[in-house]
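Participant:
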Amino acid sequence: MAIKLQILTADPQEIELIERYWAVDESGRYLEKVSELGGLIEMAQGVSLASFIRQRCNAFDENQVCPQCAALIEIRNRSETKKTPPRIPKLCTLCQEDQDAVALDAEKTKAAELERRLAEYARKQSTRTVDYSAIPDHQALLLLALDRAITPRLTSGGFTVGDCRGLAPRYVGDFVLQLREAGLVLDDPGRARPGTYYWEGDEIWMLREQVVYRLAPDTASKSADEIIRSLSDRVYTDAEGIFNLWLDYSVADVMRYLGAQCELYNHYLSEQELEEIKSTMRFALETYSVSQLWSVVWKVVRDAASLANREYYNRPKAAATIPGKIRRNLEKVQRESIELRAWSRPEQNPAGTLGMVLGETLGVDENTSGHMASSLISWLTGQSCSPSVEAELREPVRELMTIALANDVGSTVMLRFAELIRAGHDVGSAVEEIGEALRS
Ligand SMILES: [Zn+2]
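So that you can map any letter, position 192 of the sequence shown is 193 in my numbering, and since no number is skipped, the others follow by simple counting.
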């Protein structure tokens, strides 16, 4: 190793000090200690030996060569020297400055391009309008609920997903995304915080929680308030769409409770396990009520907690049993016609404005079974029982009523019927079950 010196002083005493400071043997070890050189020349107070020398001499390490221009790299003190050439060599000061300038330039160009694209996007958005009288029922209900959650911001300004917390017990971002994908709420990049949209390679990405949304304008240029008013008195016709919204909402209500229970017992579920449970719950909700599924969650989470305390078990292993236990529990309930108990709504698990809007429109709440919700929606949309279903029921119902009246147990039968419907049975299976009980 060698160090090349460019001495800037003519003072022989200083030159001697500089040469002694940088002097090395063949193996690259310094010949003298810094502490021994300190007293040789009088220096102003507060000036270190290294900086004194640096002011009077530029030093270059022959082991470090700029990969760009092959110049030697300047070093400021002893610790910056290398005994062997480094694997990833540094650029010299000039080349580094050039590279930084090029990078800064590229960054500026990209920032300008981002701004141009966002402006273009905003311009396109502003020409898009929606015919609110033609949007599907479930989107109308969702908008009404959103308006209630963030009033008056839906109609008078921008809002972020964080503002919509009151919409539903969980998955608020997904509900807002549904409206965004339908083109009913638009991004408003001009109102988002700087940094919300950014480059990731050649693509523009965004921080979802910072995106500012607004209601898309109406085709007939109705004001936002008028749009919401017109949505609240409409004739509902799309039973399937509304039922799916009810399912989406009810799944969120069940999953919020599951989340709280798991937190209480320190169970950690992976994204995949949560997705699995979500599917199971969505299917179960076609039959049962939210409050019945809360009781299933309550039981399963507690079972897992006691499992976690057993020998050869630990928390992650116990938590991993939850999705399977929920499924088996529901299968057993169905196989053995067990009546599920219903839990009352926990205080920290509010229904959200979507729950309220569904409640007011359909007459449903957390105790409404999927069967019941489906019937209520059919009734609301004028798609009540198809003639074939009614025809199928005619004979068993006549028989049931005849037996009930003959035995003078009409009121008992009606109370039991109401109980079974509440527990999630459909009309046919409730009639069948009571009929069997009466005949035995
Ligand atoms: Zn260079």
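The beta carbon of each residue, even a glycine, is placed where N, CA and C say it ideally should be.
1. Hey, would you say the C-beta of ALA72 is under 7 Å away from at least one heavy atom of ligand 1?
2. Hey, is LEU32 close to ligand 1, as in C-beta under 7 Å from one of its heavy atoms?
3. CA-CA distance, ARG209 and LYS333?
4. Quick one: what's TRP200 bridged to in DSSP?
5. Would you check if the stretch 172-189 and the stretch 135-143 touch, i.e. whether three or more CB-CB distances between them fall below 8 Å?
6. State the start and end residues of the unbroken beta strand (DSSP E) segment that holds LEU216.
7. Is LYS5 helix, strand or coil when you go by DSSP?
8. Tell me, which residues are paired with GLU75 by DSSP?
9. Measuring CB atoms only, is the stretch 327-345 touching the stretch 286-293, in the sense that at least three cross pairs come out at less than 8 Å?
10. Quick check on the DSSP output: the beta strand (DSSP E) that includes LEU187 runs from which residue to which?
11. What residue range is occupied by the uninterrupted alpha helix (DSSP H) comprising PHE176?
12. PRO86 to ALA24, Cα distance in whole Å?
13. Answer with buried or exposed for GLY353, where buried requires no fewer than 16 other C-beta atoms within 10 angstroms of its C-beta.
14. Across which residues does DSSP place PHE244 in a beta bridge pair?
15. Exposed or buried, ILE89, counting other C-beta atoms within 10 Å across all chains shown (16 or more means buried)?
16. Buried or exposed: GLU251, going by 16 or more other Cβ atoms within 10 Å of its Cβ?
17. Between the C-alpha atoms of ALA306 and LEU145, what's the straight-line distance to the nearest angstrom?
18. Taking the Cβ atom as the reference point for each residue, do GLN7 and CYS58 lie within a distance shorter than 8 Å?
19. If you compare alpha carbons, which of LEU294, PRO351 and MET373 is closest to TRP344?
20. Do GLN69 and ligand 1 come close, with the Cβ less than 7 Å from some heavy atom?
21. Suppose you measure from the CA of MET256 to the CA of TYR266; what does that come to, to the nearest Å?
22. Identify the residues that DSSP records as bridge partners of PHE160: which are they?
23. For ligand 2, is there any heavy atom lying closer than 7 Å to the beta carbon of CYS96?
24. Excluding the 5 residues flanking ASP12 on each side, which residues of the same chain have their C-beta closer than 7 Å to its C-beta?
25. Does CYS165 pass the burial test, meaning 16 or more other C-beta atoms within 10 Å, or should it be called exposed?
26. What are the residues that DSSP puts in a beta bridge with VAL131?
27. Can you name, in chain order, every residue of its own chain whose Cβ lies under 6 Å from the Cβ of ARG149, other than the five neighbours on each side?
28. To the nearest angstrom, report how far apart LEU1 and THR238 are at their CA atoms.
29. Within the present structure, is the beta-carbon of CYS93 separated from the nearest heavy atom of ligand 1 by less than 7 Å?
30. Does DSSP classify TYR250 as helix, strand or coil?
31. TYR31 bridges to which residues according to DSSP?
32. In whole angstroms, give me the CA-to-CA distance for PRO218 and GLN140.
33. Mapping DSSP to helix, strand and coil, what is VAL66?
34. Have a look at ARG417 and GLN349 and give me their C-alpha separation to the nearest angstrom.
35. Which first and last residues belong to the alpha helix (DSSP H) in which THR238 is found?
36. Note the first and the last residue of the continuous alpha helix (DSSP H) segment covering MET357.
Facilitator: So, from the data block:
1. For this step, residue 72 is matched to residue 71 along the sequence shown. For ligand 1, at least one heavy atom lies less than 7 Å from the Cβ of ALA72.
2. By one-based count along the sequence shown, residue 32 stands at place 31. Distances taken from the Cβ of LEU32 to the heavy atoms of ligand 1 include none shorter than 7 Å.
3. Taking the first residue of the sequence shown as position 1, residue 209 is located at position 208. Taking the first residue of the sequence shown as position 1, residue 333 is located at position 332. Those two C-alpha atoms are separated by around 41 Å.
4. The sequence position of residue 200 within the sequence shown is 199, counting from 1. Note: TRP200 sits in a beta bridge opposite ILE205.
5. With the cut-off at 8 Å, the stretch 135-143 and the stretch 172-189 touch.
6. By 1-based counting over the sequence shown, the position of residue 216 is 215. 214-216 is the span of the beta strand (DSSP E), which, as asked, contains LEU216.
7. In the sequence shown, the residue the question calls residue 5 occupies position 4. The answer is strand: DSSP assigns LYS5 an E or B state.
8. Your numbering for residue 75 matches position 74 in the sequence shown. In the DSSP assignment, GLU75 forms a beta bridge with PHE61.
9. The stretch 327-345 is in contact with the stretch 286-293.
10. Position 186 of the sequence shown holds residue 187. First-last of the beta strand (DSSP E) with LEU187: 186-188.
11. Within the sequence shown, residue 176 is the residue found at index 175, counting from 1. Segment 173-182, the alpha helix (DSSP H) holding PHE176.
12. Here residue 86 corresponds to residue number 85 of the sequence shown, with the count starting at 1. Here residue 24 corresponds to residue number 23 of the sequence shown, with the count starting at 1. Put simply, the backbone Cα of PRO86 is about 19 Å away from that of ALA24.
13. Working through the sequence shown from its first residue, we reach residue 353 at position 352. Residue environment for GLY353: buried (at least 16 other C-beta atoms within 10 angstroms of its C-beta).
14. Position 243 of the sequence shown holds residue 244. According to DSSP, which records beta bridges pairwise, PHE244 is partnered with nothing at all.
15. What you label residue 89 is simply residue 88 of the sequence shown in a count that begins at 1. By the neighbour-count criterion, in which 16 or more other beta carbons inside 10 Å mark a residue as buried, ILE89 falls on the exposed side.
16. Sequence index remark: in the sequence shown, residue 251 carries index 250 (1-based). Inspection of the sequence shows that residue 251 is occupied by Ser rather than by Glu. Label assigned to SER251: buried.
17. Residue numbering aside, residue 306 sits at position 305 when the sequence shown is read from its first letter. Residue numbering aside, residue 145 sits at position 144 when the sequence shown is read from its first letter. Rounded to the nearest whole angstrom, the CA to CA distance from ALA306 to LEU145 is 40 Å.
18. As a working mapping, residue 7 is identified with position 6 in the sequence shown. As a working mapping, residue 58 is identified with position 57 in the sequence shown. At a Cβ-Cβ threshold of 8 Å, GLN7 and CYS58 count as neighbours.
19. For the purposes of this step, residue 344 is taken as the residue at position 343 of the sequence shown. The candidate whose alpha carbon is nearest that of TRP344 is LEU294.
20. Taking the sequence shown and counting its residues from 1, the one referred to as residue 69 is at position 68. Shortest gap from the CB of GLN69 to any heavy atom of ligand 1: under 7 Å.
21. Within the sequence shown, the letter at position 255 stands for residue 256. Within the sequence shown, the letter at position 265 stands for residue 266. Cα to Cα, the separation comes out at about 15 Å.
22. Stepping through the sequence shown from its first residue, residue 160 is reached at position 159. DSSP output for PHE160 lists TYR214 as bridge partner(s).
23. Annotation note on ligand 2: not contained in the displayed structure, which lists ligand 1 as its ligands.
24. Numbered from 1 along the sequence shown, position 11 holds the residue referred to as residue 12. Residues of the same chain with a CB within less than 7 Å of the CB of ASP12, apart from the 5 flanking positions on each side, do not exist.
25. As a working mapping, residue 165 is identified with position 164 in the sequence shown. So CYS165 ends up on the buried side.
26. The sequence position of residue 131 within the sequence shown is 130, counting from 1. When DSSP reads this structure, VAL131 sits in a beta bridge with ASP219.
27. What you label residue 149 is simply residue 148 of the sequence shown in a count that begins at 1. Excluding residues within five positions, the ones whose Cβ falls inside 6 Å are THR354.
28. Missing from the structure shown is residue 1; the chain here goes from 2 to 441 and no further.
29. Position 92 of the sequence shown, counted from the start, is the residue given in the question as residue 93. For ligand 1, at least one heavy atom lies less than 7 Å from the Cβ of CYS93.
30. To locate residue 250, count along the sequence shown from 1; it is residue 249. It is helical.
31. If you number the sequence shown from 1, residue 31 lands on position 30. Its beta-bridge partners are VAL25.
32. Here residue 218 refers to the residue found at position 217 of the sequence shown. Here residue 140 refers to the residue found at position 139 of the sequence shown. Spanning the alpha carbons of PRO218 and GLN140 requires a straight line of approximately 15 Å.
33. Translated into the one-based positions of the sequence shown, residue 66 becomes position 65. Looking at VAL66 - three-state DSSP - the assignment turns out to be strand.
34. Here the question's residue 417 lines up with position 416 in the sequence shown. Here the question's residue 349 lines up with position 348 in the sequence shown. Rounded to whole angstroms, the gap between the alpha carbons of ARG417 and GLN349 is 33 Å.
35. Here residue 238 corresponds to residue number 237 of the sequence shown, with the count starting at 1. Note, THR238: premise wrong, no alpha helix (DSSP H); not H, not E.
36. Position 356 of the sequence shown, counting from 1, holds the residue named residue 357. Note, MET357: alpha helix (DSSP H), 353-363.
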